[in-house]
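**Student:** Protein chains in written order, with the working numbering: chain A, -16 to 307; chain B, 25 to 420. Even glycine gets a Cβ: it sits at the ideal position worked out from N, Cα and C. These figures come from a predicted structure and were not determined experimentally. Quick one: the structure is below, and I'll ask about it shortly.
Rendered as structure tokens:
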């Protein structure tokens, strides 16, 4: 067991991947000598060389589009998109090309490209640096989307993403990059595409992912002081969603709150609420309640505290669930 | 300082190669004019001089076969057997010339109109029609022919081509005994305005990727004339990326073959990408859903018909005594047989099975796909007594 930050855990996971798979390599803007704007790839160019840690031209569609070509040739590209809000120049390549190559080749070809994207707000940053666009990608069949919330998952899930034969978008909770945790480099974490109960409870379930998992845990602790036993599920995978795990939990607790930073409209929370209402109708004591961003472009930094779901917003949602 | 073309041949420069640092358009390379007369070029003629009569006849044969195939596919669409067809008539030389220049290990990324290139890569042309009949979004295994699937989102494939070329470089870095190869990225004058073409050229130049950008400038992006895409021939853009550019008569199969051979050797030998602009014309409609009479004049079409790629080569072959009536008569029969084969194969294609689509969304098991497939199977089974819901046509 080693204690490290999430950023360091991703760095170590990438290092292990580069050591274990000679066909893997990193590509992106400023990831080489600088080590990435968040230093997630720090030291890797010095260790593995510019050929394995490629600084690319400043062109997101070019990064993903050429990664597809290299993957078709049998290589394992791990792309970095510098910020969530800058992925959209690559949106066409990701959704019309990367997501579809396996099915449009009738299963003959695959493009196992990993795309790392720092996402989410809470860092007081400027426009386009705090967004949570995961639902836009989750709506596209052919992609897998995962996001770790702790260092151990970060270390293992990035490696599992590279090992997967499908394209994987790996959303990194940027405001948690410096969150420390224990990493067990000997024993792999559970399957990256499954959810994990991170706190047991009996009265309600909060399902969250990425940056909001620590908030959900804090909300559950606060609720405990009021006598409510709240279970917390770290979804870990946004596509596919481990509905079985959520169903199992809600069947026991009867109440569900789903939380994410992204706007609730058309979001992951709505999808979970709909599926769980079908699966758990007779177990539910209250409708599934969503906690998330508002239907607005991500606000300016000095207003983001009112936008981002916090402990109180989750407690308010729990209170509503308990009133039924 | 040895220029690229001097490095290629050691002879006098060709007027047609626009150097990476040059300004202004190079002359258009033409080795066979509309009347079937050969013209010499210091760099490119040697590629043709080295060819035997059988190869020259082969160029004509392939152009004639794809033209006949194209007519048959158009007919199949008109008869309701294809959802859509994308005619290639007029562009045969650009495609047969460039495709024939590729080595076996080279790899082509086509748009959706490279039927002629497909022929040179050894595809059964009937496979191309699976896409247009709606039974597959692919239709062949690109690993067998090194001819990638058609890409309908304009210019997206140019980045894949550059990445694939960078993958070849990575193969060579991992294994110095790996076979050098190059990639041809096909695109058109319309797609040249897409950002992905720009990004692909930036990446190719930055990494000296072994890729040849082959633009068929057929003068029309559906209804929009070339002048709306660019004020200058596209070859001028090559210098901005630091790569050689060649403008070639795209209706001259000999010139296209020669310049593509030169460009592929340039790329394969590690000297980086090349841009070729093949000046040609889309004689037919953009697709069978298009109506060129709404946006262009018959006179323009007629002027390009006079530059027909097949006619000029036939004149040359006959004048040089390289092919006679027997050859052309036999070829006509072979072309009809190809058309008959394509028709038979197309009509014999079965439907499409949605289960196969469930099975290929992901390469690895996926719980949502599995759940929806299970639902679908149960739903289908619920109609077991009355036949499938689709086959009973809604009759209660």
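Using a Cβ-Cβ distance cut-off of 7 angstroms, determine whether residue 230 of chain B contacts chain A.
**Tutor:** In the second chain, counting from the first residue as 1, residue 230 of chain B sits at position 206. Yes, because at least one Cβ of chain A sits closer than 7 angstroms to the Cβ of residue 230 of chain B.
**Student:** Keeping to the same chain, check which residues put their C-beta closer than 8 angstroms to that of residue 293 of chain A; ignore five residues upstream and five downstream.
**Tutor:** Locating residue 293 of chain A in the first chain gives position 310, counting from the first residue. The answer, listed in chain order, is 198.
**Student:** Just list the residues that DSSP pairs residue 9 of chain A with in beta bridges.
**Tutor:** By 1-based counting over the first chain, the position of residue 9 of chain A is 26. BP columns for residue 9 of chain A point to A/36, A/61.
**Student:** List in chain order: all unbroken alpha helix (DSSP H) runs of 4+ residues lying wholly within the segment 315 to 396 of chain B.
**Tutor:** You should have 322 to 329, 333 to 343, 349 to 372, 378 to 384.
**Student:** List, from N- to C-terminal side, the beta strand (DSSP E) runs of 3 residues or more that fit wholly inside the segment 75 to 104 of chain A.
**Tutor:** Runs found: 97 to 102.
**Student:** Please classify residue 246 of chain B as buried or exposed, where buried requires at least 16 other C-beta atoms within 10 Å of its C-beta.
**Tutor:** Within the second chain, numbered from 1, the residue matching residue 246 of chain B stands at position 222. So residue 246 of chain B counts as exposed.
**Student:** How is residue 76 of chain B classed by DSSP in three states: helix, strand or coil?
**Tutor:** Taking the first residue of the second chain as 1, we reach residue 76 of chain B at position 52. Residue 76 of chain B: coil per DSSP, three-state reduction.
**Student:** Can you have a look at residue 331 of chain B and say buried or exposed, based on whether 16 or more other CB atoms are within 10 angstroms of its CB?
**Tutor:** Within the second chain, the letter at position 307 stands for residue 331 of chain B. Buried, by the Cβ-count rule.
**Student:** At the level of alpha carbons, what is the spacing between residue 432 of chain B and residue 391 of chain B?
**Tutor:** Because residue 432 of chain B is not part of the residues shown, which for chain B are 25 to 420, the question remains open.
**Student:** Would you call the CB atoms of residue 150 of chain A and residue 206 of chain A closer than 7 angstroms?
**Tutor:** As a first step, residue 150 of chain A is located in the first chain; it is residue number 167 there, counting from the start. As a first step, residue 206 of chain A is located in the first chain; it is residue number 223 there, counting from the start. No, the pair does not count as a contact, with Cβ atoms beyond the cut-off.
**Student:** Whole angstroms is fine: what's the gap from residue 74 of chain A's alpha carbon to residue 20 of chain A's?
**Tutor:** As a working note, residue 74 of chain A is residue 91 in the first chain. As a working note, residue 20 of chain A is residue 37 in the first chain. Looking at the two C-alpha atoms, the distance is approximately 21 angstroms.
**Student:** For the segment 134 to 155 of chain B, enumerate the residues whose C-beta is nearer than 8 angstroms to any C-beta of chain A, in chain order.
**Tutor:** Here the close residues number zero.
**Student:** When the Cα atoms are used, what is the spatial distance from residue 246 of chain A to residue 249 of chain B?
**Tutor:** As a first step, residue 246 of chain A must be located in the first chain, where it is residue number 263. As a first step, residue 249 of chain B must be located in the second chain, where it is residue number 225. When rounded, the distance between both Cα atoms is 43 angstroms.
**Student:** If the cut is a Cβ gap below 7 angstroms, which residues of chain A does residue 227 of chain B touch?
**Tutor:** Here residue 227 of chain B is taken as the residue at index 203 of the second chain, counted from 1. Ordered by position in chain A, the residues that pass the 7 angstroms Cβ test against residue 227 of chain B are 40, 45, 49.
**Student:** For residue 53 of chain A, would you say it is in contact with chain B, using Cβ-to-Cβ distances shorter than 7 angstroms as the test?
**Tutor:** Locating residue 53 of chain A in the first chain gives position 70, where the first residue counts as 1. So yes, residue 53 of chain A belongs to the interface.
**Student:** Against chain A, which members of the segment 291 to 313 of chain B pass a CB distance test of less than 7 angstroms?
**Tutor:** If the cut-off is 7 angstroms between Cβ atoms, the segment 291 to 313 of chain B has nothing near chain A.
**Student:** Starting from residue 148 of chain A, trace the alpha helix (DSSP H) both ways and give me its first and last residue.
**Tutor:** To locate residue 148 of chain A, count along the first chain from 1; it is residue 165. It is not in any alpha helix (DSSP H) - residue 148 of chain A carries neither H nor E in the DSSP assignment.
**Student:** Quick one: give me the first and last residue of the alpha helix (DSSP H) that residue 188 of chain B is part of.
**Tutor:** In the second chain, the residue the question calls residue 188 of chain B occupies position 164. Here the alpha helix (DSSP H) through residue 188 of chain B covers 180 to 198.
**Student:** So if DSSP puts residue 423 of chain B in a beta bridge, which residue, or which two residues, is it bridged to?
**Tutor:** This structure leaves residue 423 of chain B out entirely; chain B is present only between 25 and 420.
**Student:** Does chain B have any CB closer than 7 angstroms to the CB of residue 124 of chain A?
**Tutor:** The residue labelled residue 124 of chain A in the question sits at position 141 within the first chain. Judged by the 7 angstroms Cβ criterion, residue 124 of chain A is in contact with chain B.
**Student:** How many whole angstroms separate the CB atoms of residue 274 of chain B and residue 304 of chain B, which I take to be in contact at a CB cut-off of 8 angstroms?
**Tutor:** Residue 274 of chain B sits at position 250 when you count from the first residue of the second chain. Residue 304 of chain B sits at position 280 when you count from the first residue of the second chain. Rounded, the Cβ-Cβ distance is 3 angstroms, consistent with contact.
**Student:** Between which two residues does the beta strand (DSSP E) carrying residue 210 of chain B extend?
**Tutor:** Along the second chain, read from residue 1 onward, the residue named residue 210 of chain B stands at position 186. Run containing residue 210 of chain B: 207 to 212, per the beta strand (DSSP E) assignment.
**Student:** Step through the CB atoms of chain B and report whether any lies within less than 7 angstroms of the CB of residue 171 of chain A.
**Tutor:** As a working mapping, residue 171 of chain A is identified with position 188 in the first chain. No, residue 171 of chain A does not count as interfacial toward chain B.
**Student:** Can you tell me whether DSSP reads residue 243 of chain A as helix, strand or coil?
**Tutor:** Position 260 of the first chain, counted from the first residue, corresponds to residue 243 of chain A. Note: residue 243 of chain A maps to strand in three-state DSSP.
**Student:** Between which residues of its own chain and residue 48 of chain B is the CB-CB distance below 6 angstroms, once the five residues before and five after are set aside?
**Tutor:** Here residue 48 of chain B refers to the residue found at position 24 when the second chain is read from its first residue. Any reading at residue 48 of chain B must be qualified, since the residue scores a pLDDT of 39, below 50, and its modelled position is unreliable; no value is offered.
**Student:** Which residue's Cα is closest to the Cα of residue -9 of chain A: A/139, A/147, A/211, A/213?
**Tutor:** Taking the first residue of the first chain as position 1, residue -9 of chain A is located at position 8. Cα-wise, what sits closest to residue -9 of chain A is A/139.
**Student:** Just verifying my parser: in three-state terms, what is the DSSP assignment at residue 224 of chain A?
**Tutor:** The residue given as residue 224 of chain A occupies position 241 in the first chain. Note: residue 224 of chain A maps to coil in three-state DSSP.
**Student:** Note the first and the last residue of the continuous beta strand (DSSP E) segment covering residue 132 of chain B.
**Tutor:** Residue 132 of chain B sits at position 108 when you count from the first residue of the second chain. First-last of the beta strand (DSSP E) with residue 132 of chain B: 131 to 133.
**Student:** Taking 7 angstroms as the CB-CB cut-off, is residue 223 of chain A touching chain B?
**Tutor:** As a position in the first chain, residue 223 of chain A is number 240, starting the count at 1. Yes - at least one Cβ of chain B is within 7 angstroms of the one on residue 223 of chain A.
**Student:** Relative to the C-alpha of residue 203 of chain B, which residue among B/152, B/292, B/99 is closest?
**Tutor:** Taking the second chain and counting its residues from 1, one reaches residue 203 of chain B at position 179. Selected option, being the one with the closest Cα: B/292.
**Student:** Taking residue 299 of chain B as part of the beta strand (DSSP E), name the residues at either end of that continuous run.
**Tutor:** Here residue 299 of chain B is taken as the residue at index 275 of the second chain, counted from 1. Where residue 299 of chain B is concerned, the enclosing beta strand (DSSP E) stretches over 298 to 303.
**Student:** Taking 7 angstroms as the CB-CB cut-off, is residue 148 of chain A touching chain B?
**Tutor:** For the purposes of this step, residue 148 of chain A is taken as residue 165 along the first chain, with counting starting at 1. At least one chain B Cβ lies under 7 angstroms of residue 148 of chain A.
**Student:** Taking its Cβ as the centre, do 16 or more other Cβ atoms sit within 10 Å of residue 322 of chain B, making it buried, or is it exposed?
**Tutor:** Your numbering for residue 322 of chain B matches position 298 in the second chain. Burial call: exposed.
**Student:** Is it buried or exposed, residue 277 of chain A, if we count other Cβ atoms within 10 angstroms and call 16 or more buried?
**Tutor:** To locate residue 277 of chain A, count along the first chain from 1; it is residue 294. The residue is exposed, with fewer than 16 neighbouring Cβ atoms inside 10 Å.
**Student:** Return the CA-CA distance between residue 357 of chain B and residue 351 of chain B, expressed in angstroms with no decimal places.
**Tutor:** In the second chain, the residue the question calls residue 357 of chain B occupies position 333. In the second chain, the residue the question calls residue 351 of chain B occupies position 327. Rounded to the nearest angstrom, the two C-alpha atoms are 10 angstroms apart.
**Student:** At the level of alpha carbons, what is the spacing between residue 256 of chain A and residue 83 of chain A?
**Tutor:** Looking up residue 256 of chain A in the first chain gives position 273. Looking up residue 83 of chain A in the first chain gives position 100. Near 28 angstroms, if we compare the C-alpha coordinates of residue 83 of chain A and residue 256 of chain A.
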